[in-house]
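Reading through the C-alpha cells given below for one structure.
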Amino acid sequence: MDGLQWCRDRLLVPGNPLTASLLFVDDREHDRILALRTLVSELAALAQANTDESVSSAKLGWWRQALVEGAAHPALQAMAQSGAIEQVPGRVFVPLLEHIARDLSRPRFERFEQLQAHCSALGGEAARLEALLADSQSRSGEAAVQMGSAGYLLRIVRDLGVDARSNRWLVPLDVQAQFQVSRTDVIEKQGGPGWDGLVRTLVERALRAGDQAAAGLSARQVHLHICWALDRRLGAQLARRPRHILTRRVMPGHAGNVWLAWRVARRMKRAATG
200 MDGLQWCRDR LLVPGNPLTA SLLFVDDREH DRILALRTLV SELAALAQAN TDESVSSAKL
260 GWWRQALVEG AAHPALQAMA QSGAIEQVPG RVFVPLLEHI ARDLSRPRFE RFEQLQAHCS
320 ALGGEAARLE ALLADSQSRS GEAAVQMGSA GYLLRIVRDL GVDARSNRWL VPLDVQAQFQ
380 VSRTDVIEKQ GGPGWDGLVR TLVERALRAG DQAAAGLSAR QVHLHICWAL DRRLGAQLAR
440 RPRHILTRRV MPGHAGNVWL AWRVARRMKR AATG
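By the working numbering, the letter at position 187 of the sequence shown is numbered 386, and the numbering carries on one by one without gaps.
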C-alpha cells in the first residue's frame with residue numbers, strides 16, 4: 200500500500216481546507232505535512248467516534264505501542280515515506296495520545312480556561328508538532344501551540360450543533376450561564392440573542408488569541424500561517440450567521456480558500472526572504 204496515496208484519499212477531499220492550504224507549499228513539505236496531519240486525524244478520531252469506550256481504549260493501547268515501536272499502518276508508512284518521522288518521531292505523539300485518552304470520557308468544563316487548556320492539548324499540540332517540520336529547534340513552538348489552540352476552538356464552535364446531537368457538549372458552564380444557553384436549546388435549534396452572543400464571544404476570543412500568535416510565529420511556518428488565515432475566514436462566517444451552526448456544519452468555499460491561501464503564502468515567502 201502507498202501510504203501517501205492513502206493519506207491523500209483520506210484527507211484531500213472536498214470541504215477539507217488542506218485541499219487549499221497544501222497547494223502552496225513545496226512538494227517535499229507537502230508530503231510531510233499531509234502525513235503528519237493524517238496521523239493526527241487518525242488519533243483524534245479515536246475520541247470522536249461513537250464506539251464503546253473499551254473499544255476506543257483498546258485502540259489507544261495499540262497506537263501507544265505502534266507510535267513507539269512502529270507498525271504497518273498506512274499513516275505511519277507515510278510518515279516514513281515522506282521523511283516526516285525523522286523530524287517528528289512517533290514517541291513525541293504520546294502526550295497528544297494521552298490527552299485523547301482523557302477525552303474519551305466526554306469531558307465537561309466549568310470554566311472557559313478549562314476549555315482553553317483542552318484546545319491547547321489537542322489543537323495546540325498538533326500545531327506544535329507541525330512546527331517541528333519546518334523548525335527542528337521548535338523556536339516557533341509556543342506561538343504554534345497558541346495558534347493551533349485558537350483554530351481548534353473555532354472548529355469546536357463550528358461543530359456545536361452536530362456535537363450537541365451526538366451527546367458531546369464542550370461549552371463551559373460559566374459561558375452557558377453568561378448567555379443562558381444549554382445543550383437542550385441547541386438540540387431543539389432554539390436560536391436567539393443569547394446564542395448569537397455565545398458564538399460571537401467564543402469566536403472573538405479565538406481570533407484574538409490566534410492573531411496574537413500569528414504575530415509571533417516565524418514566517419518560515421508558511422503552512423501554519425495559511426491555516427490560521429483559513430481558520431479566521433471560518434470564524435468570520437460563524438460570527439456573521441451564528442444560527443446556521445444549529446442546523447449545519449459551516450464550510451467556507453474552496454475557491455475563496457485557495458485565493459486566501461495564495462495571498463498568505465506569497466506574503467510569508469516575501470517576509471522569509473526579505
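Where is the CB? At the ideal position from N, CA and C, for every residue including glycine.
Glu387 versus Thr218: straight-line alpha-carbon distance, rounded: 34 Å
Reference Phe223, options Ala470, Arg462, Thr472 and Ala471, closest by Cα: Arg462
Chain D within 8 Å of His298, Cβ atoms only: This model lacks chain D altogether; it includes just one protein chain.
Cβ-based neighbour list, Met450, same chain, cut-off 7 Å, excluding 5 preceding and 5 following: The beta carbon of Met450 sits closer than 7 Å to the beta carbons of Gly214 from its chain, once the five residues preceding and following it are set aside; these are given in chain order.
Ranges of the alpha helix (DSSP H) found wholly within the stretch 219-282, counting only runs of at least 4: 226-247, 252-268 and 273-281
DSSP-derived helix/strand/coil call for Arg327: helix
Contacts around Leu266, its chain only, beta-carbon distance under 6 Å, and the 5 residues preceding and following it disregarded: Gly289 and Phe292
Asp201 burial status per 10 Å Cβ neighbour count (16 or more: buried): With fewer than 16 other beta carbons inside 10 angstroms of its own, Asp201 counts as exposed.
Beta carbon of Leu238 nearer than 8 Å to that of Ala274: yes
Contact under 8 Å by Cβ, Leu314 with Ala246: no
Distance between Leu259 and His298 (C-alpha atoms, nearest Å): About 11 Å.
Reduced DSSP secondary structure (H/G/I, E/B, other) of Pro441: Correct three-state label for Pro441: helix.
Length of the line joining the Cα atoms of Ser339 and Arg327: Taking the straight line joining both Cα atoms gives about 8 Å.
Coarse secondary structure for Arg448, derived from DSSP in three states: coil
Sequence-distant residues of its chain with Cβ nearer than 8 Å to Glu324 (five each side left out): Pro294, Leu295, His298, Val344 and Gly347
Span separating the alpha-carbon of Val457 from that of Asp251: 39 Å
Limits of the unbroken alpha helix (DSSP H) element including Gly456: Strictly speaking, residue 456 in this sequence is Asn, with Gly absent from that position. First-last of the alpha helix (DSSP H) with Asn456: His453 to Thr472.
Proximity below 8 Å, CB of Asp373 to CB of Arg310: yes
Proximity of Gly350 and Asp410 at Cβ, strictly below 8 Å: no
For Ser348, three-class secondary structure by DSSP: helix
Status (buried if at least 16 other CB within 10 Å, exposed otherwise) for Ala234: buried
Buried/exposed call for Trp261, threshold 16 Cβ in 10 Å: Exposed, since its Cβ has fewer than 16 Cβ neighbours within 10 Å.
As assigned by DSSP and simplified to three states, the class of Asp334: coil
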